[in-house]
Amino acid sequence: MASMHGAVARGAEVLVASNRGPVSYTVGEDGSLHAKRGGGGLVSGLSAIGPDAGALWVCSALSEGDREAVRRGIGEEGVRMLPVPADVHEDAYNGIANSVLWFVHHLLYQTPLEPVFDTEFRRQWASYETYNRAFAEALAEEAADGAAVLVQDYHLCLVPGMLRELRPDLLIGHFSHTPWAPPAFFRMLPDDIQERLMEGMLGADRVAFLTWPWATAFQNCVEGLDPYRWVPAWQSGGPRSIGHLSDERISRRTYIGVHSLGADAEFLRARSHAADVEERMAELRAEIGGTGRKTIVRVDRTELSKNIVRGLLAYRQLLEDHPEWHERVVHVAFAYPSRQDLAVYRDYMAEVRRVSDEINERYGTPGWTPVLLNLKDDFARSLAAYRLADVALVNPIRDGMNLVAKEVPVVSDEGCALVLSREAGAYWELREDAIVVNPYDILETARALHEGLSMKPEERAERTKRLAAAATALPPAQWFLEQLTALRELQPS
2 MASMHGAVAR GAEVLVASNR GPVSYTVGED GSLHAKRGGG GLVSGLSAIG
52 PDAGALWVCS ALSEGDREAV RRGIGEEGVR MLPVPADVHE DAYNGIANSV
102 LWFVHHLLYQ TPLEPVFDTE FRRQWASYET YNRAFAEALA EEAADGAAVL
152 VQDYHLCLVP GMLRELRPDL LIGHFSHTPW APPAFFRMLP DDIQERLMEG
202 MLGADRVAFL TWPWATAFQN CVEGLDPYRW VPAWQSGGPR SIGHLSDERI
252 SRRTYIGVHS LGADAEFLRA RSHAADVEER MAELRAEIGG TGRKTIVRVD
302 RTELSKNIVR GLLAYRQLLE DHPEWHERVV HVAFAYPSRQ DLAVYRDYMA
352 EVRRVSDEIN ERYGTPGWTP VLLNLKDDFA RSLAAYRLAD VALVNPIRDG
402 MNLVAKEVPV VSDEGCALVL SREAGAYWEL REDAIVVNPY DILETARALH
452 EGLSMKPEER AERTKRLAAA ATALPPAQWF LEQLTALREL QPS
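In structure tokens form, the structure reads like this:
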């Protein structure tokens with residue numbers, strides 16, 4: 002990939018920036034480097050635009066293997082890894098992105114005690130700015146004239162603004178994979194930090210979200226922040242935008258869009274019938290035991306926003322209210338470790354274990370374990386559970402989308418009732434055929450689980466068919482291309 006050094010021409014026509022890239026490296030015992038390719042919407046999206054599109058992915062060198070690959074000048078074509086110092090990345094990624102921005106957007110703070118914006122926060126914020134600047138400078142260096150740049154997620158909120166200062170000729174988009182906080186929560190951030198985040202985001206020509214409620218929350222946060230700089234436009238039937246004021250006139254606009262990421266049906270259906278998944282299904286059936294036992298399945302990272310503990314409490318309530326389900330249902334709960342370097346996540350994992358053990362001790366019998374809790378990440382096992390599920394429980398406090406809600410109906414063998422939180426982004430597409438719950442209401446969720454378990458097979462199958470159709474309406478490659486097309490359409494002809 003050509004880069005801007007001396008008289009060398011700028012090269013990339015399409016650039017993606019994200020914290021995690023499409024490839025990671027590990028160092029073998031003999032010092033050799035081994036590359037592992039990742040998956041997901043961005044990977045399939047970039048491959049969909051073709052090898053001749055002049056695409057470049059800018060990402061962070063996350064592991065020691067990644068950093069070693071950069072040191073040795075080893076890399077995959079079309080990928081540039083940034084060797085941000087490990088301590089700067091730690092501050093930016095865990096200190097700010099995951100411990101502040103994630104908490105703000107997912108409404109996770111216990112406000113009597115947190116947040117506390119002190120000198121340590123300011124030190125970490127400086128690292129967040131340094132981290133974002135490294136991306137902006139790399140993108141500015143690598144981009145062809147008038148190139149399209151798609152910046153991803155809350156780790157890189159400042160990049161669009163920084164990049165616009167460096168390269169005003171570029172078309173810049175930012176996509177948020179999380180919810181956006183309502184103003185009451187966003188306003189908890191220090192005033193200057195609110196402004197810096199908005200200056201960063203609004204440096205883009207276009208900002209996009211997974212659902213309209215998150216896009217609307219963003220506009221609501223802009224509104225009233227500085228009415229002499231930014232004016233939200235809400236025109237009915239037309240494109241939403243934020244006008245940038247200069248000398249009391251709108252000098253340019255940042256447009257707002259929504260692209261609701263769908264499940265990759267082709268990949269999921271093929272992968273879910275592979276030999277290792279069939280093996281896991283046999284193992285799961287043996288663990289579930291009993292003839293004709295029903296299953297309630299959840300598959301999540303042990304992320305605070307996923308609401309796993311309340312899900313377990315709702316299952317306990319189901320067993321309390323409906324003794325007829327004793328010995329006849331098993332809750333298969335996959336809670337994969339997440340962010341275990343943060344104490345609050347370790348504590349949450351411990352609470353998931355505690356409640357699960359408590360249910361098994363209280364209700365279990367020699368031939369029946371009410372909760373099968375699995376804490377080891379195993380994609381094949383997850384797919385096996387999807388196929389076996391009678392009820393899928395997806396009850397996040399708040400979630401940008403939640404692909405599990407979309408994946409289960411796609412691979413379900415016999416049809417699956419979906420119990421879905423109204424606070425998941427997926428709710429807006431799946432609500433008509435899901436059993437919708439308030440994620441904080443244990444009694445309502447227990448009733449929904451009972452309704453799902455009691456649903457007639459024909460109705461379950463019909464609902465699952467409609468859920469799968471809605472879930473796959475915008476597959477990953479198309480989702481990426483839609484963003485790219487919408488951004489390029491802003492280019493003056």
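Under our numbering, the first residue of the sequence shown carries the number 2, and numbering increases by one thereafter. Built from N, CA and C at the ideal position, the CB exists for glycine as well.
- In the three-state reduction of the DSSP assignment, methionine 82 falls in the strand class.
- DSSP places arginine 399 outside both helix and strand once states are collapsed to three, so it counts as coil.
- Within the same chain, Leu384, Glu408, Val411 and Val412 come within 8 Å of leucine 269 by CB-CB distance, once the 5 residues on both sides are set aside.
- The straight-line gap separating the alpha-carbon atoms of tyrosine 441 and leucine 211 is approximately 23 Å.
- For serine 383, the enclosing alpha helix (DSSP H) starts and ends at 380–389.
- Approximately 6 Å separates the beta-carbon atoms of alanine 144 and leucine 171; this is inside 8 Å, confirming the contact.
- When the Cα atoms are used, leucine 34 and alanine 276 turn out to be separated by approximately 29 Å.
- In its chain, beyond the 5 residues on either side, Leu164, Leu167 and Arg168 have a beta carbon closer than 7 Å to the beta carbon of alanine 141.
- Under the 10 Å beta carbon count, glutamine 111 is surrounded by fewer than 16 other beta carbons and is classified as exposed.
- Rounded to the nearest whole angstrom, the CA to CA distance from phenylalanine 104 to threonine 292 is 43 Å.
- Residue pairing by DSSP puts lysine 295 in a beta bridge opposite Val330.
- In this structure the stretch 349–359 does not touch the stretch 415–430; the number of beta carbon pairs closer than 8 Å is below three.
- Check the Cα spacing between serine 61 and each of Ala54, Glu304 and Val89: the tightest is with Val89.
- In terms of CA proximity to asparagine 439, Pro397 leads the group Leu431, Ala344 and Pro397.
- Contact annotation: leucine 157 and asparagine 20 have beta-carbon atoms nearer than 8 Å.
- Around the CB of isoleucine 75, fewer than 16 other CB atoms lie within 10 Å, so the residue is classed as exposed.
- The three-state reading of DSSP puts glutamate 14 in strand, counting E and B together.
- Judged by pairs of C-beta atoms under 8 Å, the stretch 421–429 does not touch the stretch 479–488, as fewer than three such pairs exist.
- Here tyrosine 26 is buried: its Cβ has 16 or more other Cβ atoms, across all protein chains shown, within 10 Å.
- Residue environment analysis places glycine 29 among the exposed positions, since fewer than 16 neighbouring C-beta atoms fall within 10 angstroms of its C-beta.
- Proline 233 has Ile243 as its beta-bridge partners, per DSSP.
- In chain order, Gly263 place their CB closer than 6 Å to the CB of alanine 474, counting only its own chain and leaving out the 5 sequence neighbours on each side.
- The alpha carbon of glutamine 484 has as its nearest neighbour, out of Gly12, Phe176 and Ala287, the alpha carbon of Phe176.
- Taking a cut-off of 8 Å on C-beta distances, the stretch 246–263 does not touch the stretch 365–372, as fewer than three cross pairs fall below it.
- Sequence-distant partners of alanine 13 (beyond 5 residues in either direction) whose C-beta falls short of 7 Å from its own C-beta, in its chain, are Met2, Gly55, Ala56, Leu57, Glu143, Ala144, Ala145 and Ala148.
- In the DSSP assignment, serine 128 falls within the alpha helix (DSSP H) that extends over 120–143.
- With contacts defined by Cβ atoms closer than 8 Å, glycine 312 and leucine 394 form a contacting pair.
- With distances taken between CA atoms, aspartate 31 lies nearest to Gly66 out of Ile50, Gly22 and Gly66.
- For histidine 175, the uninterrupted beta strand (DSSP E) run begins and ends at 172–176, by DSSP.
- Between isoleucine 436 and alanine 449, the C-beta spacing is below 8 Å.
- Around the beta carbon of valine 117, a 10 Å sphere encloses fewer than 16 other beta carbons of the protein chains shown; the residue is thus reported as exposed.
- Closest option to glycine 225, judged by alpha-carbon separation, among Pro183, Val208 and Arg250: Pro183.
- Boundaries of the beta strand (DSSP E) around arginine 38: 34–38.
- Between aspartate 192 and the set Ser273, Tyr129, Val223 and Arg432, the nearest pair of CA atoms involves Val223.
- Collapsing the DSSP output to three states places glutamine 484 in a helix.
- Approximately 4 Å separates the beta-carbon atoms of leucine 159 and glycine 201; this is inside 8 Å, confirming the contact.
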